[in-house]
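Below: one structure, written as structure tokens.
Here it is as structure tokens:
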């Protein structure tokens, strides 16, 4: 492992996707003097459109658009996982531009069954599951996993889409059909987990090594992450165990880049790896201010082959609150009182989305605190003060 | 003073100038969801060119180019002071777009004589000076201020350009001519100050109030700032006195925006205001990581009429080192050893300048420390490891 590095000022980082994750990664690439290009939707309103002149509009998961980016860039990364490993592999091969995370890594996580098998084979606990291909299997799943259980399409699900909780054979049949099981899509049945908390760990990894961010606690509402508490309010041993599992998971898929790993903490105190994301993740936004190197800095470092920066906490605790859109119309960030009256830190991020919609991720803010509960209490007060609304 | 605020997502910040200060301010504007436009040189290689699609190329101090920016923007600010207050006033009037710092503020600082009179009238100590308009005055200046003294053109000097140290009548005559005195340019003679340290304070100010950054110690080589030590290694009382004077100076010129004030600490322990800059300043770069709100964040907040953020130190001390270009050619940021081996923070910024030249400001890095001396010792070690070179 070499510790030296070089970055030429004309270095071009290509990002597949034009959303807020790409945008926040760009700020860090800019800081290193890099240029950033992005594949964006044809709408012309993606958050990336405002922060770089190098925009490649088109089908954001299609070969043609990705090739345009690849021909421009020195290295390519991504901000979402709704991409096809085969397409990524072809783009990498045809353009000669490396893609990180690699198509090989992508192949292991783009399919939930393969992903779970990979992690399980590496000794990382996951919820029990089985592939179901029809009525008999759905029944067997009930017997093996217990009712209710969760049906998931192997490919393409996110934020609860592509999932169905089923309580009996009849619901299972309907769920199976809804998820495309009868149309030939692979569906898995997974046991329901009674969890006491959801935890998450970000890991950056490349040829220089791997670093884990502090284990955080995530709070979801309607399958969307709304709050992240750092560090997670669990025993230190458990947090460290979670961080070790996350690094092991990154190794299991030979991940190069930034990865988010979400865990269930079960009633029995067991950690189960639930989901992985091959990119910066909402649960890591707190790191922008709360850590000495943010997930976006290490994302850029990891995919560009630079040594990783240690992500130490700058304060005892931090809480991130997602600003979900309120109402429809032109977006306005508003603060109804001065947020820093009490002289504590509050860091606001707006993603530059021009149009607000109810529940749309429009921005986030992070507050620091002496401990997680104090930070959370303060964050919840500010939640009704700092908002992004449609007008 | 209202503490509430609003920022619409389509808010457009216009910056006159395409250099690194504009670039670093942009990152903070982006974070608030804003769009950024910049007046750039026709070269197409200004640092701003890579971080926004909204570029207005042309004469960066000319009415026509500034009007293009003004018609696009909701508010205009700047990154250098080589602008004419009259032009700014016309642009503001003709476009209806507010300019901060205001043309009125600019009028008070664009001319060194008026600037010094303004500060002096406000009770802020400055070096003794007089206007010189010919041989007689040059002689009188020698008698009044003592030899050697410094001749300065009232308008347009920076980083030592536009200054001449003169030790006798003969040198004074030559200096006066070189500075355009015989061609009608206003020249002032200023006493030489034997200073023990150079100190600087950044101040953000707008209708919501004013905040001062910690008093820092700057080290210049060949009239270019190379190192900044925070806090300055002087008594706490003196630092606080310096911070109070800086706020008073910002008030004296009714400054709205971000301002840098440079002071001499004389052998007698007196503080003299030496220079002012109506913009983010090299001596404030440390604040990006060392403070809870950087000078660039407060620059954006100040000119956009948002409440200012308290700039508290995140660590006991910090040192910033300018990375001046080494050699000519394509710029390459290089690190010959891993800089974070000892697990302390080092934050590297490269400005995205494609071409390196000897002595050109190409980037900077900041390190933290338990105290100023420890941070400086570490920074000086890293100075030979982290460099930007031409190739």
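Chains as they are written, first to last, in my numbering: chain A, 90 to 480; chain U, 90 to 480.
For every residue, glycine included, the Cβ atom is placed at its ideal position computed from N, Cα and C.
Residues of the segment 297-317 of chain A with a Cβ closer than 7 Å to any Cβ of chain U: none. Residue burial is scored here from C-beta neighbours: residue 93 (chain A) has fewer than 16 other C-beta atoms within 10 angstroms and is therefore classed as exposed. Residue 419 (chain U) belongs to the set of residues whose beta carbon lies under 9 Å from a beta carbon in chain A. Residue contact with chain U for residue 401 (chain A): present (Cβ-Cβ distance below 9 Å to some residue of chain U). Around residue 438 (chain A), the beta-carbon contacts reaching into chain U at under 7 Å are 120. Distance from the CA atom of residue 293 (chain U) to the CA atom of residue 409 (chain U), rounded to whole angstroms, is 20 Å. Going by beta carbons, residue 233 (chain A) and residue 254 (chain A) fall outside the 9 Å limit.
Contacts with chain A at 9 Å (Cβ-Cβ) include residue 116 (chain U). Residue pairing from DSSP places residue 455 (chain U) in a beta bridge opposite U:409 and U:436.
Below the 9 Å Cβ cutoff, chain A contributes no neighbours of residue 283 (chain U), its closest Cβ being approximately 39 Å away. For residue 425 (chain U), a Cβ of chain A is located within less than 9 Å of the residue's own Cβ.
Per DSSP, residue 100 (chain U) has no beta-bridge partner at all. Chain-order list of chain U residues neighbouring residue 381 (chain A): 434, by C-beta distance under 7 Å.
Along the length of the segment 173-251 of chain A, whole alpha helix (DSSP H) runs at least 4 residues long occupy 174-184, 192-198, 201-210 and 224-234, reported in chain order. Here DSSP, grouped into helix, strand and coil, assigns residue 316 (chain A) to strand.
Residue pairing for residue 146 (chain A): DSSP places it in a beta bridge opposite A:129. Closer than 9 Å to the CB of residue 94 (chain A) there is at least one CB belonging to chain U. Counted as a single uninterrupted DSSP element, the alpha helix (DSSP H) harbouring residue 384 (chain A) occupies residues 384-392. The beta-carbon of residue 393 (chain U) is placed no less than 9 Å from the nearest beta-carbon of chain A.
Sorting U:318, U:351, U:108 and U:317 by C-alpha distance to the C-alpha of residue 333 (chain U) places U:351 at the top. The segment 410-417 of chain A makes no contact with the segment 117-125 of chain A, as fewer than three CB pairs between them are under 8 Å. The alpha-carbon separation between residue 96 (chain U) and residue 393 (chain U) amounts to approximately 9 Å. Those residues of the segment 125-147 of chain U placed with their C-beta closer than 9 Å to a C-beta in chain A are 125, 136, 138, 139, 140, 141, 142, 143 and 144, ordered along the chain. For residue 110 (chain A) against residue 369 (chain A), the beta-carbon gap comes to about 5 Å, under 8 Å, which counts as contact.
Residue pairing by DSSP puts residue 477 (chain A) in a beta bridge opposite A:422. In this structure, residue 417 (chain A) lies away from residue 476 (chain A), with their beta-carbon atoms at least 9 Å apart. The beta carbon of residue 236 (chain U) sits closer than 8 Å to the beta carbons of 255, 256 and 257 from its chain, once the five residues preceding and following it are set aside; these are given in chain order. Taken through DSSP and simplified to helix, strand or coil, residue 284 (chain A) comes out as strand. Going by C-alpha positions, residue 192 (chain U) is about 31 Å away from residue 226 (chain U). Residue 139 (chain U) and residue 197 (chain A) have their C-alpha atoms some 35 Å from each other. With a threshold of 16 other beta carbon atoms within 10 Å, residue 461 (chain A) meets it and is buried. Taken in chain order, the members of the segment 444-458 of chain U whose beta-carbon sits within less than 9 Å of a beta-carbon on chain A are 444, 445, 451, 452 and 457. Boundaries of the alpha helix (DSSP H) harbouring residue 329 (chain A): 325-341, taken from the DSSP string. According to the DSSP secondary-structure assignment, residue 295 (chain A) is paired through a beta bridge with A:298. Spatial neighbours of residue 304 (chain U) in its own chain (CB-CB distance under 7 Å, excluding positions within 5 residues in sequence) are listed in chain order as 288, 290, 320, 321, 328, 331 and 332.
With its beta carbon at least 9 Å from every one in chain U, residue 471 (chain A) lies outside the interface.
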